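Those sequence lines, one after another, are chains D and R.
Residues 1 to 600 in the UniProt record's numbering are what the first sequence lists, from first letter to last.
Residues 1 to 384 in the UniProt record's numbering are what the second sequence lists, from first letter to last.
Just so you know, even glycine gets a beta-carbon here, dropped at the ideal spot from N, CA and C.
Small disclaimer: the values here were computed from a predicted structure and weren't measured.
Structure first, commentary second.
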Amino acid sequence: MTDLSLIRNFSIIAHIDHGKSTLADRLLLACGAVTEREFHDQMLDSMDIERERGITIKAQTVRLNYPAQDGKTYVLNLMDTPGHVDFAYEVSRSLAACEGSLLVVDASQGVEAQTLANAYHAIDANHEIIPVLNKIDLPSAEPERVCREIEDVVGIDTSEAVKVSAKTGIGIDDLLEAMVKRLPPPKGDRDAPLKALLVDSWYDPYLGVVTLVRVQDGVLRKGMKIRMMAAAAAYDLDKVGVFKPKPTDVPELGPGEIGFIIAGIKTIADCKVGDTITDDRKPATEMLSGFKPSVPVVFCGLFPADAAEFETLRESLSKLRLNDSSFHFEAETSAALGFGFRCGFLGLLHLEIVQERLEREFNLDLVTTAPSVVYKVKMVDGTSMELHNPADYPDPMKIESMEEPWIKATIITPDEHLGSVLTLCQERRGQQIELTYAGTRAMAVYRLPLNEVVFDFYDRLKSMTRGYASFDYEMDGYEESELVKLAILVNAEPVDALSMIVHKNAAESRGRQLCERLKDLIPRQLFKIAIQAAIGGRVIARETISPMRKDVLAKCYGGDISRKKKLLEKQKKGKKRMRQIGEVEIPQSAFIAALKMDSR
Amino acid sequence: MSAAPLGVYVHWPFCKSKCPYCDFNSHVREGVEQARWRAALLRELEHAAREAPGRRIETMFFGGGTPSLMEPATVAALIARARQLWDTAPEIEITLEANPTSVEAGRFAALAEAGVNRVSLGVQALETASLKFLGREHSADEALEALATARRHFARHSFDLIYARPGQTPEAWAAELERALALAGEHLSLYQLTIERGTRFFTDHARGGFALPDEEASAAMFEQTQARLERAGMPAYEISNHARPGAACRHNLIYWRYQDYVGIGPGAHGRFAVGNAKQATRRASGPEAWLEAVERDGHGTAETSTVEGQDLVEEALMMGLRLADGIDRATFASVAGTDPVEALDAARLEPLVRAGFLEIDATHLRATSAGRQRLNALLERLIA
Ligand SMILES: Nc1nc2c(ncn2[C@@H]2O[C@H](COP(=O)(O)OP(=O)(O)OP(=O)(O)O)[C@@H](O)[C@H]2O)c(=O)[nH]1
Ligand SMILES: C[S@@+](CC[C@H](N)C(=O)[O-])C[C@H]1O[C@@H](n2cnc3c(N)ncnc32)[C@H](O)[C@@H]1O
Ligand code: SF4
Ligand SMILES: [Mg+2]
C-alpha cells in the first residue's frame with residue numbers, strides 16, 4: 001500500500017513509431033527496473049510478433065520506483081500503449097486507468113494523425129498531458145517547429161514540453177522530475193468498499209487467467225473473496241502482484257494502484273474488461289463507469305485449412321479473445337470453406353494480427369475470407385437486418401434499401417503528395433470536410449464509406465506518399481447507398497467465400513480486377529477453368545485459365561521410390577491447403593491474396 | 001511370389017567431379033580404396049541374398065555415381081558372386097552406367113569380359129557448349145567415340161540426354177534429336193532438366209543465373225520428342241525412356257512394375273517380397289558410414305520397413321502409371337492384394353477417365369499419353 005500522494009499513473013501515447021516503447025525502455029532503465037545487462041530494445045513488447053514488426057499491439061504496465069529530487073521515492077505506474085489506429089481500444093482502456101499522459105511526438109516528423117487522435121482521447125479522459133519531444137538526437141529534429149505544430153494543431157501548451165532522446169537517454173531525468181511535479185496523484189478512499197477496474201485480462205500458459213486491475217477505492221488483498229459485478233461471479237484471490245516488469249507478488253493493492261490478480265478464473269466470459277471488481281462480503285453499491293464496448297467494424301470469415309481443426313480453432317479463438325477483448329467471433333458455415341467462424345475486428349491490421357497470432361501461437365493454418373463491413377438492410381416487408389456476411393445477402397427483390405457505414409478520416413500528408421491523396425479519397429467516394437495546412441504539411445478531413453477503406457486504402461495511401469502520410473478515423477454513422485452483391489463463379493459454381501458487397505458503380509471494375517487477379521492466383525490444372533464475376537444473374541467479367549500442358553518428374557531415380565513419395569506427401573499437404581470448387585482446386589492463399597485489391 | 005523376377009541393384013557412389021544438376025548419391029573422393037570397397041560390396045551382396053533367398057535373378061544394374069570408374073575386377077567379382085548366391089536367368093540383363101570419357105571407354109572390353117551385356121552412357125548433350133554448362137568432363141566428340149567403343153563391345157546400349165536446357169528452343173532440340181537418332185541403337189533415355197534442391201543449379205537458378213524454358217516450350221519439346229521417336233520406331237515405354245520393341249531396360253521395368261529388387265551399396269533401395277509382405281530396405285547413404293557399417297555388421301542397412309495398405313497401393317500406382325502399358329491389374333492385385341481400380345476412389349477416377357487422362361480396360365489401368373505428360377497433377381487428383 002502506497003501513500004496516494006506518492007503515486008503517478010500515466011500512459012505513454014503517440015503516433016506509430018514515435019518512440020513510446022523506446023521511451024518506456026529508457027524509464028525502466030533509469031529507475032533501475034532492469035539492469036544494463038538485462039536491457040534490450042522493446043523490453044515490454046513481449047510477443048514475438050511485436051518484436052518482429054517493431055510495433056506494440058498490447059498495452060503493457062510496469063511499476064517503477066523513482067527516488068525524486070525532493071527526497072521521496074515515488075511509485076510510477078507506466079502504461080505503454082500501441083500507436084496504430086486499430087489498437088485504439090487498448091489505448092482507451094489504459095487511459096481510463098491513469099490520471100496523466102506523456103504525449104510523445106517525434107521531433108523530426110511532427111504531429112501525425114494518431115498524435116491528434118490519441119491526444120483527444122487523453123483530453124476526453126481528463127488527463128494532465130505532458131508533451132514530450134522525442135528523437136532530439138536526430139540531426140533532422142526540429143523541436144521548435146514541432147512545438148509550434150503541437151500548439152497549432154493539437155492546441156496544447158508546449159512551454160513546458162520536455163525534450164528527450166529515448167534512444168540516448170538525453171532529457172530522461174528532466175522528464176521523470178516533470179512527471180512527479182506535474183502529473184496529479186490518484187484519488188481514492190482506502191476505507192470505502194472495494195472498487196477496482198478490470199482493465200485487461202489475458203491467458204498466461206503458466207499462471208492461467210491474469211487480470212490487470214486499477215484500484216479506485218478499498219483494498220485488494222490476497223486470500224479475500226472478490227466479485228465481478230457485471231459478470232456476477234465470485235472468486236478467491238490466489239495472488240496479488242505488480243509487474244516490475246517481472247510479475248512480483250505483493251500482499252495488497254490499495255487505492256490508486258495498478259497491478260494484477262490471479263483468482264483461478266476459468267470462464268472467459270467472467271472476465272469482461274471494464275467490469276468492476278468488488279469485495280464479495282462488503283460489495284460496492286455502484287459500478288465504475290467502465291469502458292464503452294469495442295465495436296468491430298471489419299468482419300471476415302476464418303476457416304481452418306484442415307477441417308479437422310475446427311474445434312482447435314474454437315478453443316484458440318476463445319483463448320485469444322481473453323487476451324484481446326476487442327475481437328468477436330461466432331460460428332459460420334461456408335459451402336466453399338466448410339465450418340469456421342465469422343470474426344469482427346477493429347480494422348485490417350487487427351485482422352491480420354489476430355490471424356497471424358492464431359497461426360503462430362496456436363499452430364493453426366487458416367483461410368480468411370474477404371473483409372466486409374456491417375450493412376443495414378431494410379426489407380420490403382418492413383423488417384430490417386444487419387448484414388455481416390455477403391453470404392447472407394438477401395434476395396434483391398426483397399430489399400427495400402441498404403445503408404452502409406461511413407467514417408470520418410483524418411489524413412496528414414506532406415503537401416507534395418496532397419494531390420494524389422485527394423484523388424484517392426475522391427475515387428473512394430470521399431467527401432471533403434476540411435483541408436488545412438500546417439507548415440509544409442496538409443491535413444485533410446474526409447468522410448468515406450468504410451467499405452472503400454477496408455480494401456487496401458491504407459496500403460495505397462502509404463505507397464503513394466512513400467510512407468509519409470498518416471491516417472486515423474472514427475465511425476461516422478450510416479447512409480443509404482446503392483449496393484450490390486458481386487458473386488464470383490468458378491466453372492459456373494459460386495464461391496461464397498469470394499463474394500462481396502460493393503457499390504453499384506464500382507461493381508464492374510472490382511469484378512474485372514478480381515477475375516484477373518484470380519487468374520494469376522489459381523495455378524493451371526488438368527482442366528480448363530472459367531472464372532466469372534456476376535451481379536444477380538448477369539456476368540460482368542470473365543477470365544479463363546487454360547489447362548496445364550506438362551507436369552511430370554522426368555528424371556529417373558532408379559529404385560528410390562521415396563523420392564516420388566516425397567512429392568506425393570507434399571501434394572497431400574498441399575491439398576489440405578486447397579479448396580475444391582467442383583473440379584477446381586483453389587489454393588487458400590488465393591482467397592487471401594485475391595482480396596488485396598489494387599495492390600499490385 | 002518368389003517365381004517373380006528379382007533384380008539386383010549395385011550403387012557405386014563416386015564420380016570424378018560433381019555435375020551441377022545432379023542430386024544423386026554421388027561424391028568426389030581422392031583415392032578410393034578399391035579393394036576395401038570390393039570386399040564391402042561383396043559382403044552386402046551376400047547379406048542381400050539372405051534378405052531375398054532362393055530367388056532367380058533376371059537383371060543386374062550397376063548405377064551411380066559413376067560405376068564405369070569401378071575396377072572391372074570388382075564388377076566381375078560381384079557378377080560372379082551373384083551367380084553363386086542366386087539362380088540366374090539364362091538371358092540375364094546386366095547393365096552398367098558409364099560416363100563417356102576416353103578413360104572409361106578404355107575399360108569397356110574388360111567390363112564386357114566381366115559379364116556386363118548392356119551399357120547406358122551419360123552423353124547428356126551433343127553440343128560442347130551445353131556439355132560445358134552441364135559441367136561434364138567429356139566433349140561431344142569424346143562421347144561419340146565412347147559410343148562407338150560401346151557399340152563394339154556390348155550387344156545392347158543406350159544413352160541419356162538431358163533436354164529442355166536453358167535457352168534451348170524446340171527447334172534446336174529437334175535438330176539435336178535428329179543427330180541422336182542417327183547414333184541411337186535400340187534404346188534412348190531423354191530427360192528434361194530438373195532443378196533439384198541441394199545442387200549448384202538450384203542456387204544459380206534461384207539467383208536468376210539462368211531460366212528454364214517455360215511450361216509451353218517444355219511441353220512442346222516433350223510432345224515433339226514423343227512424336228519423333230514414335231515415328232523412328234522407338235516409342236516411349238516410360239515417360240522418359242524409349243526403345244525398339246523388346247529392347248526396354250528390363251531392370252528398370254522391374255521398378256516400374258513394382259516387382260522385386262534388392263539394392264546394395266550406399267543409399268541403395270530395395271523392395272522385395274518376404275512371405276506375403278513387401279519389404280523396403282534403404283542402405284546408409286554416406287559412403288564412409290556405409291563402408292564402416294558393412295565392415296562391422298556385414299551390411300549397411302539404415303532402414304527396413306514393410307510397405308502395406310494404402311502406401312503399397314500408392315507406390316505401385318506411382319510407378320506403374322509411368323509406363324505406356326500401364327498397370328496390369330492381375331499382377332497388381334497379386335502384389336497389392338487388391339485390384340487397382342477398386343483401390344481407387346471412383347469419384348476421383350471418373351473425371352480423369354472422362355477427360356481422357358486415364359484408361360481402364362479388363363486387364364489394364366493406364367495413363368494415356370496426355371495423362372503421362374501431366375502425371376504429377378494426375379496423381380495429385382488420384383491419390384493425394
Ligand atoms: N534516433 C532515435 N530513434 C528513436 C528514438 N526513440 C525511438 N527511436 C526509434 O524509433 C523506432 C520506433 O520506436 P518504438 O519505440 O518501437 O515506437 P512506438 O511508438 O512504440 O511504436 P508502436 O508501438 O508501433 O506505435 C525504433 O526504430 C526506435 O529505435 C530516439 O530518441 N532517437
Ligand atoms: C543415375 S544418373 C547418372 C549416371 C552417370 N553418372 C552419368 O552422369 O551419366 C542417370 C541419368 O539421369 C539424368 N539426370 C541426372 N540428373 C538430372 C537432372 N537434374 N535433370 C534431368 N536429368 C538428370 C542424366 O541423364 C543421367 O545420365
Ligand atoms: S550426373 Fe553422373 S557423373 Fe555427374 S555427378 Fe551425377 S552421378 Fe556423377
Ligand atoms: Mg511500441
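Would you say the beta carbon of residue i is closer than 6 Å to some non-hydrogen atom of ligand 1?
i	result
Leu-44/D	no
Gly-83/D	yes
Lys-167/D	yes
Asn-118/D	no
Gly-110/D	no
Please list the partners that residue i has in chain R, where partner means a Cβ-to-Cβ separation under 8 Å.
i	result
Ser-562/D	His-269 and Arg-282
Leu-521/D	Residues of chain R passing the Cβ test: none, with the nearest at roughly 17 Å.
To the nearest angstrom, report how far apart residue i and residue j are at their CA atoms.
i	j	result
residue 386/R	Glu-97/R	Because chain R is modelled from 1 through 384, residue 386/R falls outside the range shown and cannot be assessed.
Glu-178/R	Asp-214/R	23 Å
Ile-262/D	Leu-322/D	14 Å
Leu-291/R	Trp-37/R	7 Å
Pro-247/D	His-417/D	47 Å
Ser-68/R	Val-119/R	10 Å
His-328/D	Leu-220/D	30 Å
Asp-23/R	Thr-281/R	20 Å
Ile-399/D	Gly-477/D	20 Å
Gln-84/R	Pro-20/R	39 Å
Val-242/D	Ile-7/D	14 Å
Leu-103/D	Lys-292/D	23 Å
Tyr-393/D	Asp-456/D	23 Å
Ser-369/R	Gly-320/R	14 Å
Ala-333/R	Arg-257/R	12 Å
Cα-Cα, which of the options is closest to residue i?
i	options	result
Ala-89/R	Ala-220/R, Arg-244/R and His-251/R	His-251/R
His-138/R	Pro-100/R, Ala-73/R, Arg-296/R and Ala-114/R	Pro-100/R
Asp-328/R	Gly-209/R, Gln-259/R and Cys-15/R	Gln-259/R
Glu-238/R	Leu-378/R, Ala-367/R, Glu-58/R and Pro-20/R	Ala-367/R
Lys-167/D	Gly-344/D, Leu-253/D, Leu-27/D and Asp-324/D	Leu-27/D
Gly-344/D	Asp-365/D, Ile-226/D and Leu-302/D	Leu-302/D
Ile-412/D	Thr-285/D, Arg-441/D and Pro-394/D	Arg-441/D
Ala-180/R	Arg-165/R, Pro-351/R and Leu-161/R	Leu-161/R
Thr-158/D	Glu-149/D, Val-164/D and Ser-165/D	Glu-149/D
Leu-207/D	Val-213/D, Ile-172/D and Gly-264/D	Gly-264/D
Arg-322/R	Ser-285/R, Phe-357/R and Ala-39/R	Phe-357/R
Lys-16/R	Gln-310/R, Met-60/R, His-27/R and Glu-295/R	His-27/R
Leu-518/D	Val-552/D, Gln-571/D, Glu-585/D and Lys-572/D	Glu-585/D
In chain D, which residues lie less than 7 Å from residue i when you measure between Cβ atoms?
i	result
Arg-348/R	Result: empty, since nearest Cβ-Cβ is about 10 Å, beyond 7 Å.
Phe-222/R	Lys-550
Tyr-261/R	Gly-559
Quick one: list the residues of chain D neighbouring residue i, beta-carbon separation under 9 Å, in chain order.
i	result
Gly-135/R	Result: empty, since nearest Cβ-Cβ is about 16 Å, beyond 9 Å.
Using a Cβ-Cβ cut-off of 7 Å (strictly less than) and excluding sequence neighbours within five positions of residue i, which residues of its own chain qualify?
i	result
Gln-34/R	Glu-71 and Thr-74
Ala-336/D	Val-495, Asp-496, Ala-497, Arg-579 and Ile-581
Leu-352/R	Leu-358, Leu-378, Arg-381 and Leu-382
Using a cut-off of 9 Å between C-beta atoms, extract the partners of residue i located in chain R.
i	result
Gln-525/D	Ala-377 and Arg-381
Gln-588/D	Result: empty, since nearest Cβ-Cβ is about 16 Å, beyond 9 Å.
Leaving out five residues before and five after residue i in sequence, what residues of the same chain have Cβ atoms less than 6 Å from its Cβ?
i	result
Gly-290/D	Gly-274
Ala-113/D	Thr-410, Ile-412, Ser-470, Phe-471 and Asp-472
What does residue i touch in chain D if you count any residue whose Cβ is under 8 Å from its own?
i	result
Arg-165/R	Within 8 Å Cβ-Cβ: nothing; Arg-165/R doesn't reach chain D, min ~13 Å.
Any beta-carbon of chain B closer than 7 Å to the one on residue i?
i	result
Glu-127/R	The structure shown has no chain B; the protein chains it does contain are D and R.
Does the distance between the C-beta of residue i and the nearest non-hydrogen atom of ligand 4 fall short of 6 Å?
i	result
Thr-61/D	no
Ser-470/D	no
Any heavy atom of ligand 3 closer than 6 Å to the beta-carbon of residue i?
i	result
Thr-465/D	no
Could you check whether the Cβ of residue i sits closer than 6 Å to any heavy atom belonging to ligand 2?
i	result
Ile-239/R	no
Phe-39/D	no
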